[in-house]
Structures are given as C-alpha cells and as structure tokens.
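Chains as they are written, first to last, in my numbering: chain A, 1 to 300; chain B, 1001 to 1276.
Note that CB positions come from ideal geometry on N, CA and C, so glycine has one too.
To start, the structure under review is shown below, and the notes come after it.
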Amino acid sequence: MAIEVPFRKLRYYWPAYLLIALPLLLVLVFSYHPIVNGMWHMFYRWDGDTVEEFVGFQNIVRMWRDSSLLHSFFVVTIFVVANIVKMALPIIVAVVLHHVISDRMGYLYRILFVIPMIIPGMVGILIWKYFYEPNSGILNNLLRMMGFISPTETIQWLSDELLVIPSLVFMGFPWVGAFGVLIYLAGLQGISEDVYEAAEIDGAGPLTVFFKIELPLIMTQVRINLILMIIGTIQSWENIYLFLGADGGPGGIATVPGLLIFREAFARGLFGYGCAIGFVIFVVTLVLTLINNRFVRVRK
Amino acid sequence: MARVVRSRTVEFFKHVFILLVLFFAFVPMYLMINISLKDNQQFARNPWFPEAPFHWENYLFSWDHLGGTIFNTAFVAITATVLTLAVAIVGAFFFARYKMPGSKFLFGVFIILMMYPSVANMVPMFKLITSLGLYNTHFALIIPAIAGGQAFNIFVLRNFIEDIPQDLFDAIEIDGGNMFYQIWHVVIPLSMPIIGTLGILSIIGQWNNFVSPLLYLRDTNLQTISVALLHLEGEYTKNWGQLMAGYTIASIPLVVLFIFCMKLFIRGLSSGAVKG
C-alpha cells in the first residue's frame, strides 16, 4: 500500500522525490540525452568528431535509396518469423513436461533443462560457429560419417549465399532456453485439477485440452516472451558479427540493421547516417509493439 | 500437477521426446568439454568421444590469454550489478510507497525505455561516452549498464515492494526509522529472492555483453571475456582443443554463480517476516 500525497501535503513530503533523483538523472543522461541527440543528428553530416554540418533531409533521402537498408530489414524479418516458429518448441516441451506422471522424473528433467543454459550465450554462439566450420566442423563431419557427402567434400555453411541465413536460423537447435520452458511450466502448474477433470468428463482429447485450456492459460507468458523476443531480434547484430564478421557474410547477405549502423558509423564514419538508421529501427519497434499489444490479447 | 491418466505407451513417448530434446540441448556443452582435452591429431581422428591422453595443458594456454579478462569481466559485471540494484531498489521504493503528484508520469519516463531498442542509440551513445572521457575505461561499461538497467529493475521491484505488508513499515516508523532504514531492514531482506534473480540476470547480461567492450574499449589489458574469446579464435590459436578450453574457462564462473545462487533462492524463498 502506498501513501497518497496530495498537492497540499507536498510541503511535508517533498523529500520523497529525492529517492528518485539518482535513477532519473541516470536515465536522463544515458538514455534520453542520446535518444534526442540521435534524432537531432540524423539531419547532420557528422563524423562524431570535427565534421558537423546540417544537411536537412540528405540522410533520409540516402536511406530511401540505400538498397542495403531495405535488405537488412528483410533479413531481420526472416529472423523474427523464424523465431516465432521456434517459440513453439519450448511450449511443447513445457506441456509434455507438465504431463509427465512421475514427479521425480519431472523434477529431474527440469534441473537437466537448466544445465545447458548455464553456458554463456556468447560461448554458445562460438561453439555453433565451430559446428558450421567447413573442414573440421562437427556438421560436415557428421554428414561425411553418415555418407551424405564424400570425405573430401565440404559444405560452406557460412560462406555460401544460399546457406548463410538458413544456418543462422538453425543455430542453437533445439532452441529451448530453460527460462522459456520454466516460465511456461509455472503458468501450466497454475491450472487446477478440476479443469482437467471437467475436460476429461466432457471427453476432450489431448489436443483439445492443449488448445482450449493450456494454451489460453499460458497466453500471458507467451505474449511477454513474444514482445521481448521481437525487440531482442530486431536489436541483435552481435551474433551475426561473431559468425560472419563486420561484412555480414558473402556480399553482406546477412546484414541486419544493427550491423549496418555499426558499419556505416564506425567503419565509414557516417555518424549522422547511423543515427538516421537508428531512428528507423526505433519506429519499426514501436509499430510492432503497438500491433502486438492490439492483436495478441490475453483471454481471461 | 495434471493427472490425466493415459496408457503406458503415451507415457513412454513423452519420456522419449523429452530425452531427445535434452540430448540435442546437451550436445554443444558435451562437445566443448570433450574437445577441450584433445590435441589437433586426436581431434581430427575422433572429435566425438573422449580419448586418452587428456591434454590439460590446453587449459593453461587459454588461461594465459583469458585469465586477466575474466577478472575484468567479473569486476565490471559485479560492480554494475550491485550499483544497478542499489539505485533501482531506492527508485522502486519511491514508486511502491508514495503516490506523489507526478508519480505516474515519472514511472512512465522509466517504463517507456523498456520498449526503446538500445541499438538505435549506438552512435549517440558512443559519442556520449567519448565526450564524457569514459572511452577506454571500465566506467564506459559500468555506468551505461546502471542507467540501462533502471527501467526493467524498477518495474519488477516495484511490484514486489508493493506487496510488502504495511504493518512492517508502520512498525519501523513508530521506532523512528527513516526511509533508508526501512529499505535496509524491510525491503531488501524481504525482496531477496527477486533481488537475487535480477542480480543473476544482470550478471549474465554483462558476461555476454559483446557490443559495449567492442565499441568502448581499446586496450587489451582492459578487455572483457567476450571480445577476448573472439580474438582467441581469430589471432592466437587454430588449435580446437585450446579454443574449446577457452570457451570452457569462460563458462565456469557462471556455473559457479548458478550453484551459489540456487542456495540463495531457496533461503530467500523460505524466509519471510509476516506470513498470511
């Protein structure tokens, strides 16, 4: 319960504002100031140092003509769609875990799912990079062993234009972060026994139970994960950088918007242009969040 | 737990499915540890299974290159996490305990940042860091992390602090305890489980942070683990055993953290001042 402080009592209670002063100062300086500064400088030719010249809409026009920008959003759309599909597996795993009859095994499985997650994400990416390595990587090794390709043949997972994006999508298989599974599981455990009994009396099969009872009841968690995943996917470029370097693969085919900012600003010194691309990413995220809030409703 | 009684076959397939998913989830970890003990000949002959002699010296090699950066990363991650939480707890306390004029607006100022993609800020942030003279110092990683963590941590902590019974605060006020006394003796002890969880999330985030050290640090002796791992791969070795040993070394601190914090979770959950 909170203390209601009306205006007339402010005389006594104003020191409470001091509690919020430090966090407020921090976000004003390190979040809002760069946001405003970036929006300001997208109208500038700027190298981050000496050159700072107002150029009006030049950067905007440049973006309009820049086919690599459009391409980068196309690539990131592929990743978002792929990640939405990939969200199915943790949900299925959580439901199956929930239905495992033996409590002991259920508990053991839950611990086991946490263990692989302990590996830092960064290391996970580098291990997968090794899996895709053409000569001694584990994937080609496996394919040779099973006779799908000849011993001298190599598949260039990360330098073949057709394979780069599928390889990036497949990375991290089976895509079950323990957080996702455990969060869904917590939601499922909130469903009372009565609901299941009622469903059974009505003769509902497992699929009906899943779609009519379980999925609606974990929709809150699914929705939160969906929003976080979309924002995360649009932002992330470090995995591409780690896999393919700053070029973004053969012909820059896997360049995502974040990587494009990095290249334009830090390799070519086009800071103003980087700010402009940043603004576009912000607008796209905002629109997606609004759509998400509108269409992915939580049914109670 | 749900108990829809089904046949034994169905039960069997559930276990098969889970074990299959678990198998694939464990492959990267297994291969990392397995290969970390091989030299290049053993690796070429048989990358799949452990095989004597085990080359523990791979770990010594990688430690030489990574040891310092691990200390850097630990310093940055722990400092950033402690300060983030300290600032956020005070902020969350404000929003949970006082409905002041402008409270809602101020809350919005923080919460809206959760929807802002920080990648859009890459360029102006870099400029800010350099003009504040933070470039090539650990502050360039720590201070933005504290600022960036406020929105999410305040949001989570506020919900938690709101649920703390009023009686506890009243009792302390009668005893003449001020706000900071309330935070120290009521809020923090009672919020320990959530503080622990947020702390772990923050440390994991910092451990994996690759972009900030890549952009803000120049000197190798300041570098953190993620960038160092990339350099290890690119410059220092093409020996897979040494690389995988490096990856294992980079993972160990988080493993230790997890083991340590499982205890913290349980202790935090089982303690509670007012029940019911």
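Straight-line Cα distance separating residue 261/A from residue 282/A: 13 Å
Chain-ordered neighbours of residue 1113/B on chain A, where CB pairs are closer than 7 Å: 27 and 31
Start-end ranges of the alpha helix (DSSP H) lying completely within the stretch 78-156 of chain A, minimum 4 residues: 88-99, 103-114, 121-131 and 138-145
Cβ-based neighbour list, residue 172/A, same chain, cut-off 7 Å, excluding 5 preceding and 5 following: 124 and 128
Contact under 8 Å by Cβ, residue 1129/B with residue 1216/B: yes
Exposed unless 16 or more other CB atoms sit within 10 angstroms - verdict on residue 1220/B: exposed
Cutoff 8 Å: residue 1276/B Cβ touching any chain A Cβ: Only weak support is given to the placement of residue 1276/B: the predicted model assigns it a pLDDT of 25, under 50, and the value that follows is read from those uncertain coordinates. Residue 1276/B does not count as touching chain A.
Bounding residues of the alpha helix (DSSP H) (the contiguous stretch that carries residue 1181/B): 1179-1182
Exposure of residue 1097/B, with buried meaning 16 or more beta-carbon neighbours within 10 Å: buried
Residue 1133/B versus residue 190/A: straight-line alpha-carbon distance, rounded: 51 Å
Chain A within 8 Å of residue 1193/B, Cβ atoms only: no
4-residue-minimum alpha helix (DSSP H) runs that sit fully inside the stretch 231-266 of chain A, ordered along the chain: 238-244 and 257-262
First and last residue of the uninterrupted beta strand (DSSP E) at residue 1116/B: Segment: none, residue 1116/B is in no beta strand (DSSP E) and carries neither H nor E.
Residues near residue 1233/B by beta carbon distance below 7 Å, same chain, minus five either side: 1243
DSSP state of residue 1273/B mapped onto helix, strand, coil: For residue 1273/B, the pLDDT reaches just 28, beneath the cut-off of 50, and the residue's location in the model is therefore unreliable, although a value from the coordinates is still provided. Residue 1273/B: coil per DSSP, three-state reduction.
Backbone CA spacing between residue 1002/B and residue 224/A [nearest angstrom]: Model confidence at residue 1002/B stands at a pLDDT of 46, short of 50, so the residue's coordinates are unreliable; what they give is reported in the following sentence. Near 24 Å, if we compare the C-alpha coordinates of residue 224/A and residue 1002/B.
Nonlocal neighbours in the same chain, by C-beta distance under 8 Å from residue 1050/B, ignoring five residues either side: 1034 and 1037
Residues in the stretch 45-65 of chain A having any Cβ partner in chain B nearer than 7 Å: 48
Where residue 45/A falls: helix, strand or coil (DSSP): strand
C-beta atoms of residue 234/A and residue 280/A nearer than 8 Å: no
Under the three-state DSSP convention, the category residue 54/A falls into: strand
Three-state class that DSSP yields for residue 196/A in the structure shown: helix
Beta carbon proximity, residue 136/A to chain B, threshold 8 Å: yes
Opening and closing residue of the alpha helix (DSSP H) in which residue 1093/B lies: 1057-1097
Distance CB(residue 90/A)-CB(residue 176/A) smaller than 8 Å: yes
Selection of the stretch 1121-1145 of chain B by Cβ proximity to chain E, strictly under 8 Å: Given the protein chain composition of this structure (A and B), no chain E is represented.
C-beta neighbour in chain B for residue 71/A, strict 8 Å: no
According to DSSP, residues forming a beta bridge with residue 161/A: According to DSSP, residue 161/A bridges with nothing at all.
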